[in-house]
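**Student:**
Numbering (UniProt numbering), first residue to last: 1 to 39.
1. I'd like the span of the alpha helix (DSSP H) that includes residue 16, first residue to last.
2. In chain order, what residues of the same chain have a beta carbon less than 7 Å from the beta carbon of residue 19, not counting five sequence neighbours either side?
3. Could you tell me the boundaries of the alpha helix (DSSP H) in which residue 28 lies?
4. Could you tell me the distance, in whole angstroms, from the CA atom of residue 33 to the CA atom of residue 8?
5. Taking only the alpha-carbon atoms, compute the straight-line gap between residue 23 and residue 2 and give it to the nearest angstrom.
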């Protein structure tokens, strides 16, 4: 059970990282949104 929860959190973090990397490719990147995803 705890491992399953941890794996879900890891998947969420991986998705956040993908989003951040994508958002940083924009010239007018919204740093507040990027910062939120990095928390």
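For each residue, glycine too, the CB sits at the ideal point set by N, CA and C.
All figures in this text were calculated on a predicted structure; none of them were measured in a lab.
**Tutor:** For this structure:
1. 2–23
2. 37
3. No alpha helix (DSSP H) contains residue 28, which DSSP labels as neither H nor E.
4. 22 Å
5. 32 Å
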